[in-house]
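Q: Shown below is the structure under consideration.
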Amino acid sequence: MAAQVSESDQIKQVLQILKFGKLCISLSVVYNVLLCFIFKFKEFLGTYNKLTENCFMDCVKDFTTREVKAEETSCSESCLQKYLKMTQRISMRFQEYHIQQNEALAAKAGLLGQPR
26 MAAQVSESDQ IKQVLQILKF GKLCISLSVV YNVLLCFIFK FKEFLGTYNK LTENCFMDCV
86 KDFTTREVKA EETSCSESCL QKYLKMTQRI SMRFQEYHIQ QNEALAAKAG LLGQPR
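When we follow the working numbering, the leftmost residue of the sequence shown carries the number 26, and every step to the right adds one.
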């Protein structure tokens, strides 16, 4: 003989399942955000390593002393400043390009949406 479950108990069970589903979705979102963060951090570390290696190879020439020479320090700082300015400029140009592309698409969509 099967026990009868009241309607309110069924509703409670459904709500518990939905809460568990929301928890699973929330955990999935958190997991994806963490994966994205890890990917971005790895990308940052790769860029940082390449930059430091390039600047080091260009600037540090004398290995006869343990001290870092003033010209090596200024060269390294200049190398970093050039890189930062370059990435900022590329970012600005990239943004300008996308604005132009979006404006062109909007104009094209506006023309397509108008009756003749």
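We put the beta carbon where it would ideally sit given N, CA and C, even for glycine.
Note that this is a predicted model, so its numbers are computed, not measured.
1) Taking the alpha-carbon positions, what's the Glu102 to Ser51 distance?
2) Does the distance from the C-beta atom of Glu97 to that of Val85 stay below 7 Å?
3) Can you give the Cα-Cα distance for Phe64 and Val54, rounded to whole angstroms?
4) Considering Cα atoms alone, identify which of Lys107, Phe62, Val93, Glu92 is closest to Leu76.
A: Taking the geometry as given:
1) 44 Å
2) yes
3) 15 Å
4) Lys107
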